[in-house]
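Engineer: In numbering that gives the first Met the number 0, the protein residues as written are 0 to 348.
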Amino acid sequence: MDVFSQPTWIAISAGLIVLLFAVTMGGAWSKNQMPVEGKTILITGASEGMGRSAARQLAEKGANVILVSRSANKLQEAMAEAKAAARNPQTQRFHYISVDVSKPDYAGPLLTEAIAWNDGKPLDVVWCVAGKSTPDFWVEAPLSVSREHMDLNFWGSAEMAHAVLRLWCAPDAPVVPEPKHLIFTSSVVAFFTIIGYGTYTPAKAALRGLADTLAQELEIYPQKVKLHIVYPGSISSPGFERENKTKPEITSILEESDPVQTPDVVAAAAIRGLEKGHYSITVAFLGSVLRWGSLGGSPRNNWVVDTFMSWIITVVWIFALPDIYSKIRKYGKKNGHPSNYRRKDIHES
Numbered sequence: 000m001d002v003f004s005q006p007t008w009i010a011i012s013a014g015l016i017v018l019l020f021a022v023t024m025g026g027a028w029s030k031n032q033m034p035v036e037g038k039t040i041l042i043t044g045a046s047e048g049m050g051r052s053a054a055r056q057l058a059e060k061g062a063n064v065i066l067v068s069r070s071a072n073k074l075q076e077a078m079a080e081a082k083a084a085a086r087n088p089q090t091q092r093f094h095y096i097s098v099d100v101s102k103p104d105y106a107g108p109l110l111t112e113a114i115a116w117n118d119g120k121p122l123d124v125v126w127c128v129a130g131k132s133t134p135d136f137w138v139e140a141p142l143s144v145s146r147e148h149m150d151l152n153f154w155g156s157a158e159m160a161h162a163v164l165r166l167w168c169a170p171d172a173p174v175v176p177e178p179k180h181l182i183f184t185s186s187v188v189a190f191f192t193i194i195g196y197g198t199y200t201p202a203k204a205a206l207r208g209l210a211d212t213l214a215q216e217l218e219i220y221p222q223k224v225k226l227h228i229v230y231p232g233s234i235s236s237p238g239f240e241r242e243n244k245t246k247p248e249i250t251s252i253l254e255e256s257d258p259v260q261t262p263d264v265v266a267a268a269a270i271r272g273l274e275k276g277h278y279s280i281t282v283a284f285l286g287s288v289l290r291w292g293s294l295g296g297s298p299r300n301n302w303v304v305d306t307f308m309s310w311i312i313t314v315v316w317i318f319a320l321p322d323i324y325s326k327i328r329k330y331g332k333k334n335g336h337p338s339n340y341r342r343k344d345i346h347e348s
């Protein structure tokens, strides 16, 4: 999202980077809050993109990894890649399970199989990455497209969370010193969206709302469970290529200067945030700016930095929002009614 075409915020942000450097660097040497060596991690959406990169990078750190996705062939390739990267190849274990996480009641049988493979022991980390984006004008697109996004992007993670938390937080579940970790993957559109993502944003925003609620709810259980939510932007993955096939032109115009990161860069940044113990994890400066501008009642990673930056970004929006809406209105006047735009067929991932 090209929300920063005005140069004002750039000067403000550059100064703030220097000002906040000493504060933020304090966390760089903190203890690893999510050590994974010898732990078992389940990752959905692990056959390509960010999920596949995360599986490999966690294998490099010594984790046992269960890869989940729909395509068995892609999963075999991804598992071989993770296995080849293992820190301790003699002891680390890898497994894949082919399942469609957008289907109702998938999570229970999936966890049963995963735990059985893990010698009956509970999983240590569950990371929900699976998702897709099919941009379009919400009014012009069939409502079924939005429902498909909700089924995968929200319910795919929500159902897993419900199932695994009932196991981890059951009355008879052990209370152990090291916490379990549940990780959602949302999107920067949950902080601020632009035209063209109406079919996608509601699901990712709903996931943010669920995460904020669970962050409070998990405080009442004696078992230790850490909740995290990752907010990537554009990722140069096969999913991004599919996304661009249906993306309206005005959306591409507004996103023109946005960074597009590789899956490896995004996964590495997310893992660094997890190791720092952050609840809300962004993977680029743009994502951090959008997060600061929409904190509301969400938990803070750092009360000083987050609060101060939220004040600054409030000023930035004074310049950014009028520019965004001006571009949209100009585009509408030039191109007429959206129903007359040249459209491409919608391709499901």
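For glycine and all other residues, C-beta sits at the position ideal for the given N, C-alpha and C.
Roughly how many angstroms lie between the CA atoms of V265 and V144, to the nearest whole one?
Structural biologist: 26 Å
Engineer: Which residues mark the beginning and the end of the alpha helix (DSSP H) in which K73 is found?
Structural biologist: For K73, the uninterrupted alpha helix (DSSP H) run begins and ends at A71 to A83, by DSSP.
Engineer: Can you tell me the Cα-Cα spacing of L41 and Q215, whole angstroms?
Structural biologist: 24 Å
Engineer: By how many angstroms is the C-alpha of K82 removed from the C-alpha of N339?
Structural biologist: 50 Å
Engineer: Inspect the beta-carbon positions of H277 and H227 and report whether they are closer than 9 Å.
Structural biologist: yes
Engineer: Which whole-angstrom value is the C-beta distance of D123 and K38, which I expect to be below 8 Å?
Structural biologist: 4 Å
Engineer: Whose C-alpha, out of E36, V35, Q56 and P34, is nearest the C-alpha of P262?
Structural biologist: Q56
Engineer: Can you give me the Cβ contacts of P176 inside the same chain, cut-off strictly under 8 Å, excluding the 5 residues immediately before and after it?
Structural biologist: K223
Engineer: Identify whether H148 lies in helix, strand or coil by the three-state DSSP scheme.
Structural biologist: Looking at H148 - three-state DSSP - the assignment turns out to be helix.
Engineer: Taking its Cβ as the centre, do 16 or more other Cβ atoms sit within 10 Å of L206, making it buried, or is it exposed?
Structural biologist: Counting Cβ neighbours within 10 Å, L206 comes out buried, since at least 16 surround it.
Engineer: Quick one: grab the DSSP three-state call for Q260.
Structural biologist: Residue state, collapsed to three classes: strand.
Engineer: For V35, which residues in the same chain have their Cβ closer than 6 Å to its Cβ, ignoring the five residues on either side in sequence?
Structural biologist: L57, K60 and A62
Engineer: For the segment 151-159 against the segment 88-108, do three or more pairs of beta-carbon atoms, one drawn from each stretch, fall closer than 8 Å, so that the two count as touching?
Structural biologist: yes
Engineer: Please report how far the alpha carbon of S233 lies from the alpha carbon of D171, in whole angstroms.
Structural biologist: 42 Å
Engineer: Quick one: what's got a C-beta closer than 6 Å to R299's C-beta in the same chain, skipping five residues either side?
Structural biologist: Its chain contains D305 as the residues whose beta carbon lies nearer than 6 Å to that of R299, once the 5 sequence neighbours on both sides are disregarded; these appear in chain order.
Engineer: Look at the alpha carbon of F183 and the alpha carbon of T133, and state the distance between them as a whole number of angstroms.
Structural biologist: Their Cα atoms are separated by approximately 20 Å.
Engineer: For the structure I just gave you, are there three or more beta carbon pairs, one from the segment 108-120 and one from the segment 47-54, closer than 8 Å?
Structural biologist: no
Engineer: May I have the straight-line CA-CA distance separating E158 from K131, to the nearest angstrom?
Structural biologist: Their backbone Cα atoms lie some 17 Å apart in a straight line.
Engineer: Can you give me the Cβ contacts of V259 inside the same chain, cut-off strictly under 6 Å, excluding the 5 residues immediately before and after it?
Structural biologist: S233 and S235
Engineer: Output yes or no for whether 9 Å exceeds the beta carbon distance between Y95 and A129.
Structural biologist: no
Engineer: Should V163 be labelled buried (16 or more other beta-carbon atoms within 10 Å of its own) or exposed?
Structural biologist: The residue is buried, with at least 16 neighbouring Cβ atoms inside 10 Å.
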